[in-house]
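Numbered per the working numbering, the first sequence spans residues 49 to 540.
Even for Gly, the Cβ is constructed at its ideal location relative to N, Cα and C.
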Amino acid sequence: MQSLYIQNSLSRKKELFVPLNPPYVGMYVCGPTVYSNVHLGNVRTFLTFDIVYRYLTFLGYQVRYVRNITDVGHLTGDSEDGEDKIGKKARLENLEPMEIVQKYTNDFHDVTRVFNMISPSIEPSATGHIVEQIEMIQKILERGYGYESNGSVYFNVRKFSEDFPYGELSGRRIDDQLSNTRSLDGQDEKNDPLDFALWKKADTSHLMKWPSPWSEGFPGWHLECSVMSTKYLGTTFDIHGGGMDLKFPHHECEIAQNVGAHGGGSPVNYWMHGNMLTVNGRKMAKSEGNGFTPEELITGNHPLLERGYSAMTVRFFMLQGHYASTLDFSNDALQAAEKGLERLVTAMSKLADLPATASTEGSEADIPSLLDRCAQAMGDDFNTPILISVLFDAVKLINNVTSGKIAITSVQRQELKDGMEGYVFDVLGLKVEEKTRQDGGDTDALMGLLVELRGNAKTNKDWATADTIRDTLSQLGITIMDGKDGSTWKKD
RNA sequence: GGUCCGAUGGCCGAGUGGCUAGGCUCAGCUCUGCAAAAGCUGCUACAGCGGUUCGAAUCCGCUUCGGACCUCCA
49 MQSLYIQNSL SRKKELFVPL NPPYVGMYVC GPTVYSNVHL GNVRTFLTFD IVYRYLTFLG
109 YQVRYVRNIT DVGHLTGDSE DGEDKIGKKA RLENLEPMEI VQKYTNDFHD VTRVFNMISP
169 SIEPSATGHI VEQIEMIQKI LERGYGYESN GSVYFNVRKF SEDFPYGELS GRRIDDQLSN
229 TRSLDGQDEK NDPLDFALWK KADTSHLMKW PSPWSEGFPG WHLECSVMST KYLGTTFDIH
289 GGGMDLKFPH HECEIAQNVG AHGGGSPVNY WMHGNMLTVN GRKMAKSEGN GFTPEELITG
349 NHPLLERGYS AMTVRFFMLQ GHYASTLDFS NDALQAAEKG LERLVTAMSK LADLPATAST
409 EGSEADIPSL LDRCAQAMGD DFNTPILISV LFDAVKLINN VTSGKIAITS VQRQELKDGM
469 EGYVFDVLGL KVEEKTRQDG GDTDALMGLL VELRGNAKTN KDWATADTIR DTLSQLGITI
529 MDGKDGSTWK KD
């Protein structure tokens, strides 16, 4: 099997990927908190792991891909006075919390579909695993790493750090943190500002609450991921992914909870973190007011957008940057991506009809080496920008074959077609967007007639008629392209 | 304040010691009645200052600027 190297956030090194139980691979990715529409920055992270999932599958692994839906426990602001995000939204919109959850889960699914992301194997929700979460808290308590306080349960970070390393993933030292953490006064239920909630007692006005041995309440945010990854992937599994901004505290807490409950070493072999999408150099975030939704992006209905861009354009744009780097959003970059993608797609559509020589001898075109460069690029920490650059070399080859500058055999043509389709459609997940075939074959037939009439006019040197047809169609968004062997057309 | 990351040609964006991606823009050319579209070709950049080295965008130090995390965030 083609070797794969992954940049491991835990070791901060690029490591050869060796699954625990090949050909099976377990991957957990932190999903959205469904209290609002996802914005483009969220999309980038899920796209990153869509690529990871696709490529692992492409290599022949059987991947169990678990991505959660957070529908409870994620608090706004400081955990002491924060509100549950879902509950707050439910109050604001005067809806049942589950209506909020359903509404934004649906939105999220719509978005993933539009961007051609593959659904995870399991998509568990936090509220569906309250029992398991309570069980895990009990295990943590039994092992002495948690304590109850006024009906809530907290994780004892300092105690834990005496027995196990804490802060390895995020590179934080516990003493640095202490001096930098705002210390709330005596009314704090926590023994130590470093501690985090496993279970929170709910007050009477709280909408979402469940019975537990400690109080009627709800689980802490970090707990669900520990519970659900363990339940579906085991106490040790291959890959855990999420956005860079989840590294601390979320993922650090997850590790502490897993180790606190089950002991042993690192629960995850490879931690992967996707970097942020930025706007004018700043992280796209709701709090910055610089986020926009996929729908706004596609329609262009947003102050930051000069016009709309298709989902595939955005997907391609994002894949032209490496997932571990920040990527800056701009209209210019989107427009550049749009043109580049069109060139790639156009070349792909020519593949099947490429002229091939009858000769069985090879030509100067070295298809295996081209495809090997693709594999090398993806094998080097999913380097999609390099892959795309190789694919553009292939585009150039295709165009040169079309114009007769380079000859290939039919065998080579098939190799090239199969290889490119694998990388473009299966690995990168790009698809050809349907835009000319929405009305059956009528348009084709009508256009055929117009092209023929205009061809006749041209033969008769009736430039006025020829130009009228061309200009009028142009106003309708249809471009006539005159070539050597007659005219073709395309719709914008 | 602590921890960490980044600064690449007109724009976006790869690249961890020599061979120096790719896309877009731009220019030239081919094609064309003209144009458009398309295609081909061309365009040598690495924030600044020192240092290591035969050789540095790449390693080390300093400076400047920007960003992320440390509180919710993909």
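At the level of alpha carbons, what is the spacing between ILE178 and ASP119? As a working mapping, residue 178 is identified with position 130 in the first sequence. As a working mapping, residue 119 is identified with position 71 in the first sequence. Each residue's alpha carbon lies about 11 Å from the other.
Cutoff 7 Å; reference PHE296; Cβ partners in own chain excluding five residues on either side: As a first step, residue 296 is located in the first sequence; it is residue number 248 there, counting from the start. Correct list, in chain order: SER218, ARG220.
CB-CB under 7 Å to GLU463, same chain, minus the five flanking residues each way: which ones, in chain order? Here residue 463 is taken as the residue at index 415 of the first sequence, counted from 1. Result list for GLU463: ILE415, in chain order.
Output the boundary residues of the beta strand (DSSP E) element that contains GLY121. Within the first sequence, residue 121 is the residue found at index 73, counting from 1. For GLY121, there is no enclosing beta strand (DSSP E), as DSSP gives it neither H nor E.
Taking only runs that begin and end inside the region 354 to 382, name each unbroken alpha helix (DSSP H) of 4 or more residues, in chain order. Counting only runs of 4 or more, we get 359 to 367.
Does the region 315 to 324 come close enough to the region 342 to 358 to have 3 or more Cβ pairs within less than 8 Å? Short answer: they don't touch.
Short of 6 Å in beta carbon distance, which residues of its chain neighbour LEU402, apart from the five on each side in sequence? Order them along the chain. The residue you call residue 402 lines up with position 354 of the first sequence. Same-chain partners within the cutoff: VAL449, ARG461.
Ends of the alpha helix (DSSP H) at ALA304? The residue labelled residue 304 in the question sits at position 256 within the first sequence. Where ALA304 is concerned, the enclosing alpha helix (DSSP H) stretches over 300 to 310.
Thinking C-alpha only, which one of LEU294, PRO70, PRO213 is nearest GLY312? If you number the first sequence from 1, residue 312 lands on position 264. For GLY312, the nearest C-alpha among the options comes from PRO213.
Do you know how far the Cα of TYR53 is from the Cα of LEU418? For this step, residue 418 is matched to residue 370 along the first sequence. For this step, residue 53 is matched to residue 5 along the first sequence. Looking at the backbone, the Cα of LEU418 and that of TYR53 are separated by about 20 Å.
Report the three-state DSSP secondary structure of LEU140 (helix, strand or coil). In the first sequence, the residue the question calls residue 140 occupies position 92. Helix.
Contact between the region 127 to 147 and the region 195 to 202: three or more CB pairs below 8 Å? Under the Cβ criterion (8 Å, minimum of three pairs), the region 127 to 147 does not count as touching the region 195 to 202.
Do you know offhand how far PHE440's Cα is from THR432's? Position 392 of the first sequence holds residue 440. Position 384 of the first sequence holds residue 432. Using only the alpha carbons, I get a separation of about 12 Å.
With PRO537 as the anchor, note down where its beta strand (DSSP E) starts and where it stops. Within the first sequence, residue 537 is the residue found at index 489, counting from 1. Position check: residue 537 holds Trp in this sequence, whereas Pro was assumed. For TRP537, the uninterrupted beta strand (DSSP E) run begins and ends at 534 to 539, by DSSP.
Taking 8 Å as the limit between beta carbons, can you name the residues of its chain near ASP533, skipping five residues before and five after? Start at 1 with the first residue of the first sequence, and residue 533 comes out as number 485. Within the same chain, and ignoring the five residues on either side of ASP533 in sequence, no residue has its Cβ closer than 8 Å to its Cβ.
Measuring CB to CB, does MET360 end up less than 8 Å from LEU498? Taking the first sequence and counting its residues from 1, one reaches residue 360 at position 312. Taking the first sequence and counting its residues from 1, one reaches residue 498 at position 450. No.
Run through DSSP, which three-state label would GLU597 get? Examination of residue 597 is not possible in this model, given that the chain is present from 49 through 540 alone.
Within the continuous beta strand (DSSP E) that includes ASN116, where are the two ends? Sequence index remark: in the first sequence, residue 116 carries index 68 (1-based). For ASN116, no beta strand (DSSP E) encloses it, and the DSSP letter there is neither H nor E.
In the DSSP output, which residue or residues are listed as bridge partners for PHE266? Translated into positions along the first sequence, residue 266 becomes position 218. PHE266 has LYS248 as its beta-bridge partners, per DSSP.
Distance between GLU302 and ILE528 (C-alpha atoms, nearest Å): For the purposes of this step, residue 528 is taken as the residue at position 480 of the first sequence. For the purposes of this step, residue 302 is taken as the residue at position 254 of the first sequence. Going from the Cα of ILE528 to the Cα of GLU302 covers about 58 Å.
What does a CB cutoff of less than 7 Å around PRO168 pick up in its chain, not counting 5 residues either side in sequence? The count along the first sequence starts at 1 and reaches residue 168 at position 120. The answer, listed in chain order, is TYR113, VAL114, ARG115.
With distances taken between CB atoms, is the gap from VAL475 to TYR103 smaller than 8 Å? To locate residue 475, count along the first sequence from 1; it is residue 427. To locate residue 103, count along the first sequence from 1; it is residue 55. Taking 8 Å as the cut-off, the Cβ atoms of VAL475 and TYR103 count as close.
Where the beta strand (DSSP E) containing GLN55 begins and where it ends: On the first sequence, position 7 is the one that residue 55 refers to. Where GLN55 is concerned, the enclosing beta strand (DSSP E) stretches over 53 to 56.
Whole-angstrom distance between ALA395 and THR457, CA atom to CA atom: The residue labelled residue 457 in the question sits at position 409 within the first sequence. The residue labelled residue 395 in the question sits at position 347 within the first sequence. If you draw a straight line from the Cα of THR457 to the Cα of ALA395, it is about 18 Å long.
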